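Residue numbers (UniProt numbering): 1 to 436. Every residue, glycine too, gets a C-beta built ideally from N, C-alpha and C. Remember, it's a predicted structure, so these values are computed and weren't measured experimentally. So the structure is just underneath, and the comments pick up after that.
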């Protein structure tokens, strides 16, 4: 009994240890098999998701259609503005507001996650992620720069010179602003010359079909006090303009209202006397047909020296190809003749009427010119005299965005009281236009 019992006691510890080892091996094998099965299932899942992610666009469209038909219709339907181009009309709203020409911004279609959702991570001290946005339209864009040049002389020693550049910007909403400055010079016999530096800021915009223009500024002089000036103009169409397919105006009726205040820059003597005036009145432009037009203007003026004026001008023009015929009528009357004291031409009764013959055409691909002759009569203080004017003007196209005008005119239409002496005035005009 002792023998048989002792061997059993001797072998029993090894049997327990062996059982313990076998149990550990079973646990390890179970863990290894579980991990392997999990890895294989994950690989198959990722492969299936990757295959789903690289589906063709048509398959994705079908999937979106199945899940949400409205979303599929929104994102898969072609945009109408890409299929059909809309012709640009002269009076179309998009020509006044560039934003109307931009297609509406579309939301991005929903995207499916190709990876399993990740667990939330603890917050870190980092800046929030930036989202990609389209570049914004600038608030103001430089549209053009044009410089006006005017030099006039007469046979009585009067000289006026104007050089005024204007910088124009287009705002994002379609309105315009401009800044105007320049250098002006006035010279006259018996008066010390005067130099003028104008500064003006203006705005132009539309309110419905009405176009509004406003401007205000100051005039700085070398030897005179600084003076302010302002200008307001309102244009309103009476009948909607009709434009041909080539962009030519066929018919329109437009009425304008004008208001101006500032120094009367007639000559050096008028400026030396610091004569200012308020002028206001309407304009009418009527495009009767594609070749016939009528323009009429009326101005009422009130001066700081107590004088007042009534001024009217009408022009009827008919075009025949490159040629044109026009009739002009101009009347001007002041309450009092104050030329000797105030310096400006102020006739109590002045009338000019004439007929005009003109030609305008292309001489070269980059050169276009106009020649005109006005023949008529003028009446001053009850006496009639000839009133003739000869004009020429050429436009040079230096580049697609740069043009220059240069003109010359000679006229014997009176601009001051000369008694029995004949009057002759020369005028050189020009404009340089740069578009951006």
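Specify, as a first and last residue, the run of the beta strand (DSSP E) that residue i falls within.
{"i": "residue 338", "result": "Looking at the DSSP string, residue 338 is not in any beta strand (DSSP E), and its letter there is neither H nor E."}
{"i": "residue 275", "result": "Unbroken run through residue 275: none, as it is neither H nor E."}
{"i": "residue 184", "result": "183-188"}
{"i": "residue 168", "result": "159-171"}
In three-state terms, what does DSSP make of residue i?
{"i": "residue 224", "result": "coil"}
{"i": "residue 270", "result": "helix"}
{"i": "residue 431", "result": "strand"}
{"i": "residue 421", "result": "coil"}
{"i": "residue 402", "result": "strand"}
{"i": "residue 103", "result": "Residue placement at residue 103 is poorly supported in this model, since its pLDDT is 37, which falls under 50; the coordinates still yield a value, given next. Three-state DSSP puts residue 103 in coil, outside helix and strand."}
{"i": "residue 194", "result": "strand"}
{"i": "residue 305", "result": "coil"}
{"i": "residue 374", "result": "strand"}
{"i": "residue 137", "result": "coil"}
{"i": "residue 144", "result": "strand"}
{"i": "residue 229", "result": "strand"}
{"i": "residue 414", "result": "coil"}
{"i": "residue 179", "result": "strand"}
{"i": "residue 204", "result": "strand"}
{"i": "residue 368", "result": "strand"}
{"i": "residue 262", "result": "strand"}
{"i": "residue 426", "result": "strand"}
{"i": "residue 322", "result": "coil"}
{"i": "residue 287", "result": "strand"}
{"i": "residue 36", "result": "Its pLDDT being 47, under 50, residue 36 is placed unreliably in this model, and the value from its coordinates should be taken loosely. It is helical."}
{"i": "residue 247", "result": "coil"}
{"i": "residue 2", "result": "For residue 2, the predicted model reports a pLDDT of 40, less than 50, meaning its position is unreliable; a value from the coordinates is still stated below. Helix at residue 2."}
{"i": "residue 213", "result": "strand"}
{"i": "residue 174", "result": "coil"}
{"i": "residue 43", "result": "Its pLDDT being 42, under 50, residue 43 is placed unreliably in this model, and the value from its coordinates should be taken loosely. DSSP places residue 43 in helix when its eight states are reduced to three."}
Under the DSSP definition of a beta bridge, which residues are partnered with residue i?
{"i": "residue 282", "result": "257"}
{"i": "residue 350", "result": "332, 380"}
{"i": "residue 237", "result": "254"}
{"i": "residue 391", "result": "372, 409"}
{"i": "residue 386", "result": "377"}
{"i": "residue 313", "result": "297, 330"}
{"i": "residue 361", "result": "369"}
Are the C-beta of residue i and some C-beta of chain B separated by less than 9 Å?
{"i": "residue 339", "result": "Looking at the structure shown, chain B is missing, and only one protein chain is on hand."}
Rounded to whole angstroms, how far is the Cβ of residue i from the Cβ of residue j, which I believe are closer than 8 Å?
{"i": "residue 378", "j": "residue 414", "result": "7 Å"}
{"i": "residue 433", "j": "residue 146", "result": "4 Å"}
{"i": "residue 257", "j": "residue 282", "result": "6 Å"}
{"i": "residue 166", "j": "residue 183", "result": "In fact, because the Cβ distance is near 13 Å, the residues do not count as touching under 8 Å."}
{"i": "residue 439", "j": "residue 376", "result": "The structure shown has nothing for residue 439, since the chain only spans 1 to 436."}
{"i": "residue 307", "j": "residue 346", "result": "6 Å"}
{"i": "residue 237", "j": "residue 254", "result": "5 Å"}
{"i": "residue 272", "j": "residue 201", "result": "That belief does not hold up - the Cβ atoms of residue 272 and residue 201 are roughly 27 Å apart, past 8 Å."}
{"i": "residue 325", "j": "residue 314", "result": "With 8 Å as the limit, residue 325 and residue 314 do not qualify as a contact, their Cβ atoms being about 15 Å apart."}
{"i": "residue 342", "j": "residue 305", "result": "5 Å"}
{"i": "residue 157", "j": "residue 189", "result": "4 Å"}
{"i": "residue 298", "j": "residue 286", "result": "Rounded, the Cβ-Cβ distance is 15 Å, inconsistent with contact."}
Would you say residue i touches the ligand NAP, meaning its beta carbon is less than 8 Å from a heavy atom?
{"i": "residue 142", "result": "What this structure holds is no ligand at all, so the ligand NAP is not there to describe."}
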